[in-house]
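*Asks:* Protein sequences, first through last, are from chains V and H. Sequential numbering of the first sequence, starting at 7, is according to our numbering. Sequential numbering of the second sequence, starting at 7, is according to our numbering.
Protein chains: 2
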Amino acid sequence: MERFQKGGYQGRLYPINPNAKEICGLKVYPDLSSLPEVPDMAMVCVPAKHVPSILEECARIGLRHIHILTAGFKETGTEEGKKLEEQIISISNEKGLLVIGPNGMGPYCPSIHLTAWGAIPGVSGTLGVIGQSGMITQRLTEYIGSLGVGVEKAVSIGNASVLDSTDFLEFMAGDEKIRVIAMYLESVKEGRRFFRLVSEVNREKPVILWKGGESQVGAMAAASHTGGLSGEQTLWDALYRQTGAIHVRSMEEWMDAVITLSLLPAPRGKRVFLVGGGGGNGVSYSDICINEGLDVPALSHDTMERLRQTVPLAGANAGNPLDMPRIFQDAAYLAEVLELGYEDPSIDIIVVDRLIPRIAFHFSDMSDSTAETAQFVKSKKHQKPTVFTVDSDGGDPDLAATGATLRAMLGKAGIPVYPSLNRAARALAHFHNYYARLNNTSIERKTLN
Amino acid sequence: MERFQKGGYQGRLYPINPNAKEICGLKVYPDLSSLPEVPDMAMVCVPAKHVPSILEECARIGLRHIHILTAGFKETGTEEGKKLEEQIISISNEKGLLVIGPNGMGPYCPSIHLTAWGAIPGVSGTLGVIGQSGMITQRLTEYIGSLGVGVEKAVSIGNASVLDSTDFLEFMAGDEKIRVIAMYLESVKEGRRFFRLVSEVNREKPVILWKGGESQVGAMAAASHTGGLSGEQTLWDALYRQTGAIHVRSMEEWMDAVITLSLLPAPRGKRVFLVGGGGGNGVSYSDICINEGLDVPALSHDTMERLRQTVPLAGANAGNPLDMPRIFQDAAYLAEVLELGYEDPSIDIIVVDRLIPRIAFHFSDMSDSTAETAQFVKSKKHQKPTVFTVDSDGGDPDLAATGATLRAMLGKAGIPVYPSLNRAARALAHFHNYYARLNNTSIERKTLN
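#1: Output, in sequence order along the chain, the residues in the segment 281-304 of chain V whose CB is closer than 9 angstroms to any CB in chain H.
#2: Is it right to say H:D399 is buried, meaning 16 or more other beta carbons lie within 10 angstroms of its own, or is it exposed?
#3: Count the other C-beta atoms from every protein chain shown that fall within 10 angstroms of the C-beta of V:N25, then say buried if there are 16 or more, exposed otherwise.
#4: Which of the three DSSP states, helix, strand or coil, is assigned to H:H119?
#5: Give the interface partners of V:Q138 over in chain H, defined as CB-CB distance under 8 angstroms, in chain order.
#6: At a CB-CB cut-off below 7 angstroms, which residues of chain H make contact with V:D399?
#7: Extract the residue ranges of the alpha helix (DSSP H) inside the segment 54-139 of chain V, only unbroken runs of 4 or more that lie entirely within it.
#8: Who are the Cβ neighbours of H:C295 in its own chain at under 6 angstroms, not counting the five residues just before and after it?
#9: Closest by CA to H:P212, which one among H:T121, H:A179, H:D170 and H:R202?
#10: Between the C-alpha atoms of H:E63 and H:E43, what's the straight-line distance to the nearest angstrom?
#11: Straight-line CA distance for V:T132 to V:E206?
#12: Along the chain, where does the alpha helix (DSSP H) that runs through H:K12 open and close?
#13: At the level of alpha carbons, what is the spacing between V:R77 and H:Q335?
#14: For V:K276, count neighbouring C-beta atoms within 10 Å of its own C-beta (all shown protein chains included) and say buried if the count is 16 or more, exposed if not.
#15: Cβ atoms of V:S139 and V:T232: under 9 angstroms apart, would you say?
#16: To which residues of the same chain is V:F200 closer than 6 angstroms at the C-beta, ignoring the five residues directly before and after it?
#17: Taking the alpha helix (DSSP H) that H:V503 belongs to, which residues open and close that run?
#18: If you draw a straight line from the alpha carbon of H:N326 to that of V:M257, how long is it in whole angstroms?
#19: Closest by CA to H:L434, which one among H:L328, H:V264, H:E342 and H:L319?
#20: Can you tell me where the beta strand (DSSP E) with H:A406 in it begins and where it stops?
#21: How would you call H:I40, buried or exposed, if buried means at least 16 neighbouring beta carbons within 10 angstroms?
#22: Determine the DSSP secondary structure at V:M47, reduced to helix, strand or coil.
#23: Going along chain H in order, which residues have a C-beta closer than 9 angstroms to the C-beta of V:L269?
#24: Hey, H:L269 and H:G409: beta-carbon distance below 9 angstroms or not?
#25: Cβ of V:I445 less than 9 angstroms from any chain H Cβ?
#26: What are the residues in the segment 308-323 of chain V lying within 7 angstroms of chain H by C-beta distance?
#27: Run down chain V in chain order and give the residues with a C-beta less than 9 angstroms from the C-beta of H:T232.
#28: Please name the residue or residues paired with H:L444 in a DSSP beta bridge.
#29: Could you check whether the Cβ of V:Q222 sits closer than 9 angstroms to any Cβ belonging to chain H?
#30: Between which two residues does the alpha helix (DSSP H) holding H:M310 run?
#31: From the DSSP output, in three-state form, read off H:L457 for me.
#32: Leaving out five residues on either side along the sequence, give the residues of the same chain with a beta carbon under 6 angstroms from the beta carbon of V:M189.
#33: Give me the subset of the segment 246-257 of chain H whose CB atoms are less than 9 angstroms from a CB atom of chain V, sorted by chain position.
#34: Return helix, strand or coil for V:K4, following the three-state DSSP convention.
#35: Is H:N439 helix, strand or coil when you go by DSSP?
#36: Among the candidates V:R255, V:L19, V:R312 and V:G83, whose CA atom is the shortest distance from the CA of V:E349?
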């Protein structure tokens with residue numbers, strides 16, 4: 007209730023409790039029948055054993071949309087928990103109730119300030135999230151929000167005993183505000199319907215699917231978490247292969263893919279221009295990109311000619327990777343370099359490694375040019391997909407805060423940013439592969455007609 | 007010169023310059039012959055074309071230890087650069103000069119405040135570093151230093167035209183203060199000698215070897231960086247396989263392996279106890295560990311009995327992974343859980359996922375118990391290897407700073423800490439595999455005798 011109020015939710019809120027008179031300054035009703043109107047949705051947080059009777063009461067007054075926050079059902083592995091969950095299912099089916107949960111954080115929609123969980127204020131955007139873990143879904147919304155990527159609707163589905171991920175996916179497919187869909191799932195009930203739907207939706211809106219419980223141990227943990235059966239891994243592998251859903255395997259990979267697919271237009275190819283400083287960085291970044299399946303091609307003759315005019319022979323290197331520490335300080339120069347990348351026909355994607363002032367680099371008093379750079383890239387409206395990496399994850403709070411500040415600055419200008427080149431390269435590979443597959447699919451379909 | 011002074015270097019410093027009278031408050035000498043004594047080492051930073059004559063001058067006064075900082079040699083790809091580098095080599099060979107560089111940052115030794123590069127004050131410790139990139143070597147020392155891991159000696163070898171990585175490795179093998187060796191290399195000259203030496207040294211001191219230029223593009227970049235030929239990748243693969251050197255492929259993997267091998271005693275096995283909060287985290291962390299080759303076994307009967315007494319049935323889960331958010335706040339309870347892990351015969355390694363207060367988790371006012379926890383783990387002197395993960399790498403400066411502070415606190419208590427479970431799992435896999443191989447080798451050797 008406090009979170010609804012703090013988040014600025016504009017709808018009417020009715021606390022229901024048989025013992026209290028006032029909660030959070032609001033009049034309390036003893037039961038659903040005493041309410042002055044039928045609410046749009048009920049959020050149920052009474053102990054598990056009372057949930058079935060609450061559902062009966064909802065049905066009686068015609069309240070069909072229900073979120074059950076309460077845990078203590080199938081996921082406990084107890085007979086009582088399983089029985090209670092079965093009751094929820096049978097009541098819901100009989101009465102036509104549309105239930106989110108139990109054991110889930112429920113709906114989240116920043117545009118209407120429906121943010122009973124997650125960061126407040128929520129960042130509104132074009133992402134749809136279907137999560138079978140409240141904490142993981144919250145971490146996603148908080149992380150991407152801090153980097154300028156907002157959510158249209160998220161739902162933490164818990165045990166998903168009535169409405170399942172497939173239902174939410176179908177809904178989000180038709181929601182025009184949603185352009186990218188991120189899912190964290192531990193199990194799916196209607197496998198075939200899910201499979202077909204992912205395949206369809208993924209052609210229109212990238213579906214970034216993280217399946218928890220890919221390992222046997224993980225699957226066992228999933229059973230105690232949301233009570234589901236993870237299913238055969240071979241089936242999931244087939245799903246990824248045949249639907250083209252983007253296959254991620256960790257929080258970081260999921261978040262990075264979401265940011266990339268949300269912010270960037272389709273790339274023309276996978277040829278990356280690596281812009282940074284430090285010879286060793288250039289070498290290892292090339293290795294990492296190649297290892298992820300990206301290309302790091304030679305620059306065109308014209309670009310090289312122009313680069314050679316500004317890049318000194320010693321202590322730097324004109325080429326791809328570009329080793330030119332001046333870009334860290336001189337926004338106008340970095341803009342020149344980016345222009346070269348935009349114009350070079352052999353380049354599809356630009357990655358800027360934005361090293362930040364560090365003690366070890368002797369330039370802690372360096373002026374920061376990130377704001378200018380962000381403005382420049384934004385003004386180019388992604389002539390070519392352009393992303394940044396800013397790393398800062400050790401034990402130095404100042405460095406860490408500076409890194410986060412620069413990342414936020416870039417993110418809020420609509421530029422994807424990552425805390426390491428490894429993570430950038432992996433995300434860009436997903437990004438490229440998604441569109442490459444889409445184009446091949448289109449061609450195949452044309453051939454068939 | 008400023009860095010030497012700022013770092014508190016105690017030895018005598020002689021600036022040499024034909025035009026200046028005083029530099030950094032020190033009397034300047036016009037040339038080497040005017041010096042009042044023969045220095046232990048020369049650091050050469052005159053333009054490339056003057057370097058050969060300086061070497062001649064060094065030889066004349068009997069100064070044999072030389073570091074050439076200057077760039078502009080073979081790595082430029084020009085005829086002039088190549089010729090100058092050949093001159094350096096022939097003068098050095100003829101006169102018996104021991105040269106570090108050119109095009110490298112040279113030696114670094116915090117225990118004697120020889121920190122002309124890298125963070126000041128340097129953190130003194132037991133690591134030896136041989137780096138063929140100044141920036142990468144600096145980032146390592148700064149990163150690990152912020153997490154409590156110090157360096158005994160580091161050397162940035164640049165083009166390594168006279169003394170090569172093999173020479174430094176041989177030296178570090180005999181340096182009793184050095185217990186772990188980290189290398190970033192782009193090329194090696196005496197392949198066979200290097201191969202044999204890595205094989206020998208790695209049995210006594212873990213050798214963590216990151217080879218830049220594993221891809222063809224990376225190898226080309228390496229040629230313009232340090233002028234070396236990367237060599238056939240199949241040879242490097244054979245080297246890793248046959249020597250058992252720890253094979254890392256990125257900055258992050260290198261740093262994490264260094265921290266783990268530096269701080270932890272050998273593990274008994276690879277059975278991990280995952281301690282954290284959040285059901286989805288437990289599921290995905292299990293997947294990640296299994297994927298890295300670690301085990302996440304069921305806890306013993308006794309441990310489970312005792313856990314069940316404190317872990318509620320709903321909203322948490324007793325087991326491995328342990329999902330129990332109380333550990334984030336209650337240091338005494340976390341200590342109890344760790345004790346269970348130390349006593350459980352089915353567990354070898356403990357990983358604590360230390361989620362930090364976040365906006366999204368609604369407990370930003372949570373009291374922090376990290377200091378107490380660090381003290382507890384330290385007092386246990388690693389009964390079993392115990393590591394922490396603290397993630398905080400988005401665009402929120404407060405969260406980032408808090409994360410770094412907690413990581414530093416743990417690191418400075420001698421506890422390995424990582425910014426993600428992915429990175430922890432990879433590092434622990436390297437850690438386990440190193441010792442597992444060592445033991446098998448020992449057994450084989452015993453059998454042969």
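All residues carry an ideal CB built from backbone N, CA and C; glycine is no exception.
*Replies:* For this structure:
#1: Close to chain H, meaning a Cβ-Cβ distance shorter than 9 angstroms, are the following residues of the segment 281-304 of chain V: G283, G284, G285, G286, N287, G288, V289, S290, Y291, S292, D293, I294, C295, I296, N297, D301, V302, P303 and A304.
#2: buried
#3: exposed
#4: coil
#5: G286
#6: D399 and P425
#7: 57-67 and 85-101
#8: Within its own chain, the residues whose Cβ lies closer than 6 angstroms to the Cβ of H:C295, once the five positions on either side in sequence are excluded, are V278, V302 and A431, listed in chain order.
#9: H:A179
#10: Near 14 angstroms, if we compare the C-alpha coordinates of H:E43 and H:E63.
#11: 19 angstroms
#12: Note, H:K12: alpha helix (DSSP H), E8 to G13.
#13: Before going on, a small fix: residue 77 of chain V reads as Ala here, not Arg. Distance between the alpha carbons of V:A77 and H:Q335: 22 angstroms.
#14: buried
#15: yes
#16: T172 and V194
#17: As shown, chain H starts at 7 and ends at 455. That puts residue 503 of chain H outside it, with no answer to give.
#18: 19 angstroms
#19: H:V264
#20: Here H:A406 belongs to no beta strand (DSSP E); instead the alpha helix (DSSP H) covers P403 to K418.
#21: The residue asked about is misnamed: residue 40 of chain H is Ser in this sequence, not Ile. Classification for H:S40: exposed.
#22: coil
#23: None at all; the shortest Cβ gap to chain H is about 13 angstroms.
#24: no
#25: For the record, residue 445 of chain V in the displayed sequence is Asn; it is not Ile. So no, V:N445 is outside the interface.
#26: L319, A320, G321 and N323
#27: G285, G286 and V289
#28: According to DSSP, H:L444 bridges with nothing at all.
#29: Contact of V:Q222 with chain H is assigned, a C-beta pair being separated by under 9 angstroms.
#30: H307 to R314
#31: Within the shown structure, residues of chain H are numbered from 7 to 455, placing residue 457 of chain H beyond reach of any answer.
#32: I136 and L215
#33: R255, S256 and M257
#34: Given that chain V is displayed from residue 7 to residue 455, the structure contains no residue 4 of chain V and the question cannot be resolved.
#35: Looking at H:N439 - three-state DSSP - the assignment turns out to be helix.
#36: V:R312
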